[in-house]
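There are 2 protein chains.
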Amino acid sequence: MARHLYELCGADPDRVFSPFCWRSRMALAHKGLDFESIPWRFTETDRLAFAQHAKVPVLVDGDRTVADSWTIARYLDEAYPDRPSLLHGRPEPYRFVAAWNDAVLQPGIARLIVSDIPPLLREAERSYFVASREKRFGMTLDQVTADREQKLPAFRATLQPLRLALAHGPFLGGDAPDYADYIVFGSFMWARSTSPLSLLEEGDVVLVWRERLLDLHGGMARRSPCFGA
Amino acid sequence: MARHLYELCGADPDRVFSPFCWRSRMALAHKGLDFESIPWRFTETDRLAFAQHAKVPVLVDGDRTVADSWTIARYLDEAYPDRPSLLHGRPEPYRFVAAWNDAVLQPGIARLIVSDIPPLLREAERSYFVASREKRFGMTLDQVTADREQKLPAFRATLQPLRLALAHGPFLGGDAPDYADYIVFGSFMWARSTSPLSLLEEGDVVLVWRERLLDLHGGMARRSPCFGA
Chain A
1 MARHLYELCG
11 ADPDRVFSPF
21 CWRSRMALAH
31 KGLDFESIPW
41 RFTETDRLAF
51 AQHAKVPVLV
61 DGDRTVADSW
71 TIARYLDEAY
81 PDRPSLLHGR
91 PEPYRFVAAW
101 NDAVLQPGIA
111 RLIVSDIPPL
121 LREAERSYFV
131 ASREKRFGMT
141 LDQVTADREQ
151 KLPAFRATLQ
161 PLRLALAHGP
171 FLGGDAPDYA
181 DYIVFGSFMW
191 ARSTSPLSLL
201 EEGDVVLVWR
211 ERLLDLHGGM
221 ARRSPCFGA
Chain B
1001 MARHLYELCG
1011 ADPDRVFSPF
1021 CWRSRMALAH
1031 KGLDFESIPW
1041 RFTETDRLAF
1051 AQHAKVPVLV
1061 DGDRTVADSW
1071 TIARYLDEAY
1081 PDRPSLLHGR
1091 PEPYRFVAAW
1101 NDAVLQPGIA
1111 RLIVSDIPPL
1121 LREAERSYFV
1131 ASREKRFGMT
1141 LDQVTADREQ
1151 KLPAFRATLQ
1161 PLRLALAHGP
1171 FLGGDAPDYA
1181 DYIVFGSFMW
1191 ARSTSPLSLL
1201 EEGDVVLVWR
1211 ERLLDLHGGM
1221 ARRSPCFGA
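If you're matching them up, the sequences are chains A and B in order.
Just so you know, the first sequence maps onto residues 1 to 229 in this note's numbering.
Just so you know, the second sequence maps onto residues 1001 to 1229 in this note's numbering.
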């Protein structure tokens, strides 16, 4: 049965960098499900019309089409109940992890790396990306990330909830990873795929945890195109 | 069967204000379990020697003694599996809610209200409290909370993860409250029990949620001694 994941990529089709697509990519690997990645780029909304959705990720699993990373995670647990669980039958507490990620971590990373993304895009997508993000931030992208080395300590301070949670086990999911890990890891993969900036310091348990995630599922994430470490 | 919850209180034994005790108090109410509150004050460590623990909450449930709010929540789910669940058989994702609460929300509230607490304590506890907190903050408690009205917007901005999570249902637990709600609510009850400062603005979904929690379990939290609204 054919299984396709439509994922956001840059000019290089192997450089998949959307944090939401990384959630779904890791979720599929967690379930042990093979899939073919279908490169998709900003502005190609027509190509997703079949899914009645304007954004990736979109999963086509045989005759089922599922859009949106959250819906994909729930679908995978329902369709493959005998495989390792992502949400353990109760998505509610994972909503808070996603809320923290979307309200704090992802915007925090964006302010450090957003200017690194345009050079990775084709011309058509670059124009769209720069215009939409400049509008969102109210300044040029270089202005957003100016003096970013000086902003790193404040960014790292916002990761304290991760450190406290990881004091109880190697993964946010406890002894084994679950969807909480993939939500947060998706944001770090977004940064790793697009920017040379080292977000995390040596000795930080969040870095140790990220390395652990990079090694999961045969090192799938570690092999993905990135900059530096 | 006698059930006793040792709880931190001020000079007024009815003014229970520890955020961790409030977690256990709400957890017991969630389970529909009656209990007698045993007032306990800072420095009365001898009175907890039987529990081999130096802090409250401590629950004595018949012949079982359970210390620490997290352990109490797990114990209640195990001992009363037929009552409404707190952690739904999987504590791990609730660890992150607690981590965010302990790293962000509780310190944020402390910086706004800590100077309101000493007048509520007896002389013996007041000396201990002021000395230990001044040492922690490296300044007087009045200095910690100086200009607090001006600090409120920044504090309220840190609540954004709660707002995103509450977009999906009336409680962090979804359609019904669970331990995620009680973890966060405990911090708000700490503030409500000790300070006249209004942490939340009209129109904030976090305020609407807090009102919902105040009404739960027959309005137990709403009836507790507080200042203003």
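All residues carry an ideal CB built from backbone N, CA and C; glycine is no exception.
As the structure is a computational prediction, the values presented were derived from the model and not from experiment.
Quick one: list the residues of chain A neighbouring L959/B, beta-carbon separation under 8 Å, in chain order. The requested residue 959/B is not part of the displayed model; chain B covers only 1001 to 1229.
Beta-carbon separation of R1156/B and L1086/B under 9 Å? no
So, are the CB atoms of F1035/B and R1074/B less than 9 Å apart? no
Assuming P1084/B contacts H1168/B (C-beta within less than 8 Å), just tell me the rounded distance between them. So it is not a contact: roughly 20 Å between Cβ atoms.
For C1226/B and L1164/B, I'd like the C-alpha separation in whole angstroms. 28 Å
Count Cβ pairs between the segment 1003-1014 of chain B and the segment 211-224 of chain A that sit closer than 8 Å; are there 3 or more? no
What residue range does the beta strand (DSSP E) around V1016/B cover? Run containing V1016/B: none; DSSP gives neither H nor E here.
Measuring CB to CB, does K1007/B end up less than 9 Å from P1039/B? Going by the sequence as given, residue 1007/B is Glu instead of Lys. Yes, the Cβ-Cβ distance between E1007/B and P1039/B is below 9 Å.
What runs of the alpha helix (DSSP H), each 4 residues or longer, lie entirely inside the segment 195-220 of chain A? 205-219
Counting contacts by CB-CB distance shorter than 9 Å, is Q160/A in contact with chain B? yes
Between L1152/B and R1041/B, what straight-line distance do the alpha-carbon atoms span, to the nearest angstrom? 30 Å
Quick check: what's the CA-CA separation for V130/A versus I1117/B? 50 Å
Residues of chain A with a CB under 9 Å from the CB of L1164/B: which are they? R95, F96, A98, A99, W100, D102 and A103
Does D1178/B have its Cβ less than 9 Å from a Cβ in chain A? yes
H1030/B at chain A interface by Cβ criterion, 9 Å: no
Give me the chain B residues within the contact set of H168/A, using Cβ-Cβ distance strictly less than 7 Å, ordered along the chain. R1095
9 Å Cβ cutoff, G89/A in contact with chain B: yes
Could you say which of D46/A, G203/A, L28/A and A191/A lies nearest to F17/A if we only look at CA atoms? A191/A
Rounded to whole angstroms, what's the CA-CA distance from L1059/B to G10/A? Just pull it up for me. 56 Å
May I ask which residues mark the beginning and end of the alpha helix (DSSP H) holding L1076/B? S1069 to A1079
Between the alpha carbons of S1193/B and Y1182/B, how many angstroms are there, rounded? 15 Å
Helix or strand or just coil, what does DSSP make of V66/A? strand
Figure out for me which residue from R1111/B, F1096/B and Y1179/B has the closest Cα to the Cα of D1147/B. R1111/B
Determine whether the beta carbon atoms of R1023/B and S1069/B lie at a separation below 9 Å. yes
Look up V1056/B in the DSSP assignment and say whether it is helix, strand or coil. coil
Keeping to the same chain, check which residues put their C-beta closer than 6 Å to that of F185/A; ignore five residues upstream and five downstream. L213
Buried or exposed (CB count within 10 angstroms, at least 16 for buried), Q1143/B: exposed
Using the DSSP secondary-structure output, state which residues sit across from H4/A in a beta bridge. E36/A and V60/A
Segment limits, alpha helix (DSSP H) that includes L1112/B: Q1106 to I1113
Report the residue ranges of all alpha helix (DSSP H) runs contained in full by the segment 124-181 of chain A; include only those spanning at least 4 residues, in chain order. 141-144, 148-157 and 160-166
Proximity below 9 Å, CB of L172/A to CB of V66/A: no
With a threshold of 7 Å on Cβ separation, who are the neighbours of I72/A within its own chain once the five nearest residues in sequence on each side are excluded? S24, A27, P57, L59 and V66
Alpha carbon to alpha carbon, what distance is there between P91/A and H1088/B? 11 Å
What did DSSP end up calling C226/A once you bin it into helix, strand or coil? coil
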